[in-house]
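Numbering of the sequence shown is given in this note's numbering, commencing with residue 96 and proceeding in unit increments.
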Amino acid sequence: MSWQTYVDDHLMCEIEGNHLSAAAIIGHDGSVWAQSSTFPQCKPEEITGIMNDFAEPGSLAPTGLYLGGTKYMVIQGEPGAVIRGKKGPGGVTVKKTSQALIIGLVIISSIRVSNYLVKQHYKVLRVMGNMLGTKSLVLWK
96 MSWQTYVDDH
106 LMCEIEGNHL
116 SAAAIIGHDG
126 SVWAQSSTFP
136 QCKPEEITGI
146 MNDFAEPGSL
156 APTGLYLGGT
166 KYMVIQGEPG
176 AVIRGKKGPG
186 GVTVKKTSQA
196 LIIGLVIISS
206 IRVSNYLVKQ
216 HYKVLRVMGN
226 MLGTKSLVLW
236 K
């Protein structure tokens, strides 16, 4: 199996209704082994910064993690093994292997967030209506 097949069939697949927005496998030297079509173009200094954080955990915290020119706030990961970053409702996870970095991005648009919140609101209203024995709280389906 090629690395591209691994990205396409395993990293970009849907699991329990969720999926990554973009994914890549990048060598420690910054060479791209495989990537989804939506993965951003990374700068060499971004990969160097990530590799430095694996060597010296916490070094990205003051400046943030940059990937494809986008800044992510570094959140708790696993020192030396996993780096996590957050930007709005989305984020990035970087897993270090012996030879490569496996990177997954989740980019959630405001429309997707709105649609999710509307669905959750509808579920709450439906449950409340059932609890009260009335359907008057169900405003839409």
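We put the CB at the ideal spot given by N, CA and C, even for glycine.
(1) Keeping to the same chain, check which residues put their C-beta closer than 6 Å to that of Q130; ignore five residues upstream and five downstream.
(2) Would you call G183 buried or exposed, if buried means 16 or more other Cβ atoms sit within 10 Å of its Cβ?
(3) Based on the DSSP output, what are the partners of A118 in its beta bridges?
(4) Is P174 closer than 7 Å to P157 when the C-beta atoms are compared?
(5) Just grab the DSSP bridge partners of Q185 for me.
(6) Quick one: Cα of P135 to Cα of S154, how far?
(7) Between which two residues does the beta strand (DSSP E) holding E173 run?
(8) Can you tell me whether I121 is buried or exposed, with buried defined as 16 or more other CB within 10 angstroms of its CB?
(9) Taking just the CA atoms, how far does H123 sit from F149?
(10) Quickly, what does DSSP pair G177 with across the bridge? List them, please.
(11) Which residue from S132, Y161, S193, W128 puts its Cα closest to that of G144?
(12) Give the C-beta separation of S116 and I202 to the nearest angstrom, bearing in mind that I take them to be a contact with Cβ-Cβ under 8 Å.
(13) In this structure, does DSSP put A150 in helix, strand or coil?
Result, derived from the coordinates:
(1) A119
(2) exposed
(3) G199
(4) No, the pair does not count as a contact, with Cβ atoms beyond the cut-off.
(5) In the sequence on display, residue 185 carries Gly and not Gln. DSSP output for G185 lists K182 as bridge partner(s).
(6) 23 Å
(7) 165-173
(8) Result: buried.
(9) 11 Å
(10) Note that residue 177 is Val in the sequence shown here, rather than Gly. The partner list for V177 (beta bridge, DSSP) reads E173, K190.
(11) Y161
(12) 4 Å
(13) helix
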